[in-house]
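Here's the structure, in structure tokens; my notes come after.
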Amino acid sequence: MKIATWHAAKGLEWPVVCLTGLDWTVEERPNTLRIEFDGWDEPATLLDRATIRYHPSVASAEVKTHFVADRREPAAVTERCLAYVALTRARDLLVLEWPDFCKPEADTVSNLLMNEGGLTLGVDAITVGKTSHPARITPHGEILPEAFDAPREASPPEPRTRPGRREDPGPRGGPLFLRPSDGGVEEALWSLETHRLGGRLAGDAFDDAGARGTALHLAMRVLLRRPDHADRVGPATGLSEETLTAIAQQAATLRERLAERGLTELHPELPFDAALPGGPRIRGTADLLARSADGTRAALIDFKSPAPESPLEAARPYLAQLRVYARAVGVLWPNV
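Each residue of the sequence shown is one higher than the one before, counting from 226 in this note's numbering.
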């Protein structure tokens, strides 16, 4: 069992996740110090254009209300992002401790999910927007119902395969899942070839590095497969024209390099779920899988930003991850 804050859970996954804290008030915490920037396009004047904001801890309720109200929207943005992280950490089962004691007018994360996300609790389902998800809903107060105290009875393996779960139980203590990042220790590179795809990308102004990475991946996905839709990428990603021009050049050069090796079938952002023989399941998403027309050869491409100063040092930590991707490809396409 691992206990983690919502923020610390970013990038992690577990088969079962119990989510608490939905009664948290949407407000910036006292004694918060922030440094905000209006853009990253001119590094030389970055500090001149920086704004320092401090949310003091005060005893006066009137003064406290003023600071809370002034920073409510930035706090809501943070809570939306953290709620997304928390709700997407479970692979198999998500357990919510829903705070039904919160008043409708309370400014809590639970009400934020209901008012902005369209989340509603039914009898045996949770509805988000127009999508309904089956759920076991058990009302209780401070004391859990007796049903939770009943001893668990051993049951035979389920005859059907659920997503992310093996049909047959594995060895005692063996992992049910293997994330790409769990591939093992670093290894020496067999060989390293460096091919420059284009110039460096501009430093677009994004509040979060993860959001910038997502935008870059989406742009590369479109420009690799549908360069004729390049005019739609800017509005969809928020990337500057300068950045999109550079990505388009990189995508075109990458296509040419792969085509020279006979790898003409491109599959960007390819999700996979592969069961290793006698081992765990491997689940993940490959940034790009390039295959030959006859399906006998393939290359795995993993995008990283920003561009590294040393390709050798940048590549070494990801060898284990790429090896796991390769194992999944070998299971899904045995002829490769």
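Cβ coordinates follow ideal geometry from the N, Cα and C atoms, glycine included. These figures come from a predicted structure and were not determined experimentally.
Would the region 270-277 count as touching the region 292-312 if we require 3 or more Cβ pairs under 8 Å? no
Can you name, in chain order, every residue of its own chain whose Cβ lies under 6 Å from the Cβ of LYS235, other than the five neighbours on each side? The residue labelled residue 235 in the question sits at position 10 within the sequence shown. VAL310, listed in sequence order.
Beta-carbon separation of LEU300 and GLU341 under 7 Å? For the purposes of this step, residue 300 is taken as the residue at position 75 of the sequence shown. For the purposes of this step, residue 341 is taken as the residue at position 116 of the sequence shown. For clarity, residue 300 is Ala in the given sequence; the question names Leu instead. Cβ atoms of ALA300 and GLU341: not closer than 7 Å.
Return the first residue and the last residue of the alpha helix (DSSP H) that LEU237 is part of. Residue 237 sits at position 12 when you count from the first residue of the sequence shown. Per DSSP, LEU237 is not a residue of any alpha helix (DSSP H), being assigned neither H nor E.
Take LEU318 as the anchor and find which of ARG361, GLY354 and PRO460 has the nearest alpha-carbon. On the sequence shown, position 93 is the one that residue 318 refers to. Out of ARG361, GLY354 and PRO460, ARG361 has the C-alpha closest to the C-alpha of LEU318.
Is the distance from the Cβ of THR245 to the Cβ of GLU298 below 7 Å? By one-based count along the sequence shown, residue 245 stands at place 20. By one-based count along the sequence shown, residue 298 stands at place 73. Result no, Cβ atoms of THR245 and GLU298 do not sit closer than 7 Å.
To the nearest angstrom, how far is it from the Cα of PHE262 to the Cα of GLU494? On the sequence shown, position 37 is the one that residue 262 refers to. On the sequence shown, position 269 is the one that residue 494 refers to. Their backbone Cα atoms lie some 31 Å apart in a straight line.
Ranges of the alpha helix (DSSP H) found wholly within the region 420-491, counting only runs of at least 4: 434-450, 455-462 and 466-485
With a cut-off of 7 Å, does the C-beta of ARG552 fall near any C-beta of chain D? Judged by its chain identifiers, the structure shown contains no chain D, having just a single protein chain.
Local conformation of ALA379 per DSSP, three classes: The residue labelled residue 379 in the question sits at position 154 within the sequence shown. Because the pLDDT of ALA379 is 49, which lies under 50, any placement of that residue in the model is unreliable, and the number read from its coordinates should be weighed accordingly. If DSSP states are grouped into helix, strand and coil, ALA379 belongs with coil.
Do THR462 and ALA444 come within 7 Å of each other at the CB atom, strictly closer than that value? Your numbering for residue 444 matches position 219 in the sequence shown. Your numbering for residue 462 matches position 237 in the sequence shown. Contact: yes.
Alpha-carbon spacing of VAL242 relative to PHE528, whole angstroms: Reading the sequence shown from its first residue, position 17 is the one you call residue 242. Reading the sequence shown from its first residue, position 303 is the one you call residue 528. Whole-angstrom Cα-Cα distance: 29 Å.
How many Å lie between GLY509 and ALA284 at the Cα? The sequence position of residue 509 within the sequence shown is 284, counting from 1. The sequence position of residue 284 within the sequence shown is 59, counting from 1. Using only the alpha carbons, I get a separation of about 49 Å.
Going by DSSP, what residue range makes up the beta strand (DSSP E) through THR352? One-based indexing of the sequence shown puts residue 352 at position 127. Counting along the chain, the beta strand (DSSP E) containing THR352 begins and ends at 350-353.
Which listed residue (ARG296, LEU537, LEU271 and GLY487) has its alpha carbon closest to that of LEU417: Along the sequence shown, read from residue 1 onward, the residue named residue 417 stands at position 192. Nearest of ARG296, LEU537, LEU271 and GLY487 to LEU417, Cα basis: LEU537.
Assuming SER517 contacts LEU488 (C-beta within less than 8 Å), just tell me the rounded distance between them. Translated into the one-based positions of the sequence shown, residue 517 becomes position 292. Translated into the one-based positions of the sequence shown, residue 488 becomes position 263. 6 Å between Cβ atoms; contact.
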